[in-house]
Structures are given as C-alpha cells and as structure tokens.
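A.B. asks: Quick note, the sequence shown lines up with residues 31 to 257 if you use the numbering used here.
The structure under discussion is supplied below as structure tokens; questions concerning it will follow.
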Amino acid sequence: MTDTRQAAGAAPPRAWVWIRWLLPVAGLVTLTGYFGPWIDHPVAGLVILGLDLGEYVKFLPAIRGGQVTLWREGFYLPLAATALAGSLLAFRDELRYSWPVRALLLAAAIAAALNMLPPAWTPQRMMTPEFQQQSAAIGLALAAIAFSPFLALLPRRVTAIALALLCLLAAAVPVWQFVQVLPDINVLYNKPQLPGRGLYLCVAGLLLLGGVALWFGWARPAPKTSQ
Numbered sequence: 031m032t033d034t035r036q037a038a039g040a041a042p043p044r045a046w047v048w049i050r051w052l053l054p055v056a057g058l059v060t061l062t063g064y065f066g067p068w069i070d071h072p073v074a075g076l077v078i079l080g081l082d083l084g085e086y087v088k089f090l091p092a093i094r095g096g097q098v099t100l101w102r103e104g105f106y107l108p109l110a111a112t113a114l115a116g117s118l119l120a121f122r123d124e125l126r127y128s129w130p131v132r133a134l135l136l137a138a139a140i141a142a143a144l145n146m147l148p149p150a151w152t153p154q155r156m157m158t159p160e161f162q163q164q165s166a167a168i169g170l171a172l173a174a175i176a177f178s179p180f181l182a183l184l185p186r187r188v189t190a191i192a193l194a195l196l197c198l199l200a201a202a203v204p205v206w207q208f209v210q211v212l213p214d215i216n217v218l219y220n221k222p223q224l225p226g227r228g229l230y231l232c233v234a235g236l237l238l239l240g241g242v243a244l245w246f247g248w249a250r251p252a253p254k255t256s257q
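Spelled out as structure tokens, the structure:
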C-alpha cells in the first residue's frame, strides 16, 4: 500500500532534500558574487564590486553626457531577488526548515534589502526622486520579510514562477547594463577590462535559484510521515 501511494504521487525524499538545501545555497552564491569583483584589478582601489555599480555608473562620462541610458536601479535586482526569495521560502511547509535556518534566511534577506541603501544615506535623501525607486524596493523587501509567514501560504507554483521570473530578470538586466558601460570603464582604466569572477558567480547563483525554484514548484509533493 505504501509503495503504491509513493509511486502514484509522492516525490522521492532525496529530491526534497536537494531542493531544500539548494535554494539557500543558490542565494548564498548569488550574494557572494554580487559582493565580489565585477571588475578585478591588482590595485584594490580600482576593484569594482557588483554592489558598487548602482552608484559608480552615475559618474561615467557616457552616462553623464547622455550617450548611454541605463536603469540605474536595475543593478540592485540581485539584492531584491535574494531578499524576496528568503521571504517567500523561509516558512514553506514543504521545505520543513528549522527555526535556525529560517532565522538565517530572514537575516540574509534583511541584509540584502538594507544593502540597497546608497552610501551616506539619510531619510530625507531617500525621499528625493533619485532614490524613490530604491526606497520602494527596500520597503517592499522589508514588508515581505515581516509578512513572510503569510507569503508561505501562496500556491507553490505561483511562488515558483514569481521567483524564477525575478531571478531571470535579476541575472539579465545588470549584466546587459554592465556590458553597455564596459567600454566607458575601459577608457577610464586605459586598458580593456574583463568581467570579474563576481559577475559569473552572481549570474550562476541566480540561474540556480530560479531553476531550483521551478523544481520546487513542479516536484511531486513530499511524502508525509505515516503515524
């Protein structure tokens, strides 16, 4: 009888072990890449992190002169994706995370959200038109963290699709914009620069996170422990 029930609809327990641990690992890889070098350089002061790009691009001549138009806030999409992933997944019954793991997921989500703040920020500065989108993104991310137990009640496939689409957007937009400004960076450095390992790690983490999210959405329900 037990074998029949499992064959009819239950996922192998091992599949759910992979899902529940690959999701936080993918988020960690994403953040490691985002906080890593997107432009590497032997001189520490010339290293550009993924985190720096949202502010750095404002000072590039091509941006200031209007030759290249970017959505500056798009460079913060990896932070938004990882923050919302933690909020959406921490309390999912299917994942059966322990309270320490939930706390770590939400702490990482808070850290990701707060890193969208600009340097030397003030409440007044965050209300200016330049930073309104960042303020909205931070507010949304923190609200999602506060309501994460309720977000866990969303249909599993809705959560999976939303997270996968956000991860795809977060992987594509910053990289495309980085490629757009790379020629200007090459001029400033007076030497062609290659994308650093941080970019590749960040993209790999986001694609893994989105892919595992879809696996989570379409995996057969985990078997319930018999009493």
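We put the CB at the ideal spot given by N, CA and C, even for glycine.
Here the structure is a predicted model, which means the values were calculated and not measured.
Alpha carbon to alpha carbon, how far is Leu-52 from Pro-148?
C.D. replies: A direct Cα-to-Cα measurement between Leu-52 and Pro-148 gives close to 30 Å.
A.B. asks: Is it right to say Ala-176 is buried, meaning 16 or more other beta carbons lie within 10 angstroms of its own, or is it exposed?
C.D. replies: Per the 10 Å Cβ criterion, exposed.
A.B. asks: Taking only three categories from DSSP, how would you classify Leu-79?
C.D. replies: strand
A.B. asks: Output yes or no for whether 9 Å exceeds the beta carbon distance between Ala-171 and Ala-110.
C.D. replies: yes
A.B. asks: Mind checking whether Asp-214 and Ala-92 have CB atoms under 9 Å apart?
C.D. replies: Cβ atoms of Asp-214 and Ala-92: closer than 9 Å.
A.B. asks: Count the C-beta pairs between the region 97-111 and the region 197-211 that are closer than 8 Å, then say yes if the count reaches three, no if not.
C.D. replies: yes
A.B. asks: Closer than 6 Å by C-beta to Asn-145: which residues in its own chain qualify, once you throw out the five before and the five after it? Chain order, please.
C.D. replies: Leu-109
A.B. asks: What is the DSSP secondary structure of Trp-151, reduced to helix, strand or coil?
C.D. replies: coil
A.B. asks: Pull up the distance between the alpha-carbon of Ser-128 and that of Gly-80, whole angstroms please.
C.D. replies: 31 Å
A.B. asks: State buried or exposed for Pro-54, treating a residue as buried only when at least 16 other CB atoms are found within 10 Å of its CB.
C.D. replies: buried
A.B. asks: With DSSP as the reference, please indicate the residues paired to Pro-225 in a beta bridge.
C.D. replies: Ile-69
A.B. asks: Is the beta carbon of Leu-198 sitting closer than 9 Å to the one on Trp-68?
C.D. replies: no
A.B. asks: Starting from Trp-101, trace the alpha helix (DSSP H) in both directions and tell me its first and last residue.
C.D. replies: Secondary structure note for Trp-101: it is in no alpha helix (DSSP H), with a DSSP letter that is neither H nor E.
A.B. asks: Ala-202 and Ala-113 - do their beta-carbons sit closer together than 9 Å?
C.D. replies: no
A.B. asks: Quick one: give me the first and last residue of the alpha helix (DSSP H) that Ser-178 is part of.
C.D. replies: 178-181 is the extent of the alpha helix (DSSP H) around Ser-178.
A.B. asks: Can you have a look at Gln-162 and say buried or exposed, based on whether 16 or more other CB atoms are within 10 angstroms of its CB?
C.D. replies: exposed
A.B. asks: Is the distance from the Cβ of Leu-224 to the Cβ of Asp-70 below 9 Å?
C.D. replies: yes
A.B. asks: Which residue wins for smallest C-alpha separation from Arg-186, given the options Asp-123, Ile-168, Gly-66?
C.D. replies: Asp-123
A.B. asks: Quick one: residues in its chain with C-beta nearer than 7 Å to the C-beta of Val-59, no 5 flanking neighbours on either side, listed in chain order?
C.D. replies: Leu-231, Ala-234, Gly-235, Leu-238
A.B. asks: Would you mind reading off the limits of the alpha helix (DSSP H) that contains Leu-90?
C.D. replies: Segment: none, Leu-90 is in no alpha helix (DSSP H) and carries neither H nor E.
A.B. asks: Sorted by chain position, which residues of the same chain lie with C-beta nearer than 8 Å to Leu-181's C-beta, five sequence neighbours on each side aside?
C.D. replies: Ser-117, Leu-118, Phe-121, Ala-174, Thr-189
A.B. asks: Helix, strand or coil: how does DSSP classify Gln-36 here?
C.D. replies: Because the pLDDT of Gln-36 is 46, which lies under 50, any placement of that residue in the model is unreliable, and the question is left without a value.
A.B. asks: Exposed or buried, Trp-46, counting other C-beta atoms within 10 Å across all chains shown (16 or more means buried)?
C.D. replies: buried
A.B. asks: For Met-146, which of helix, strand or coil comes out of DSSP?
C.D. replies: coil
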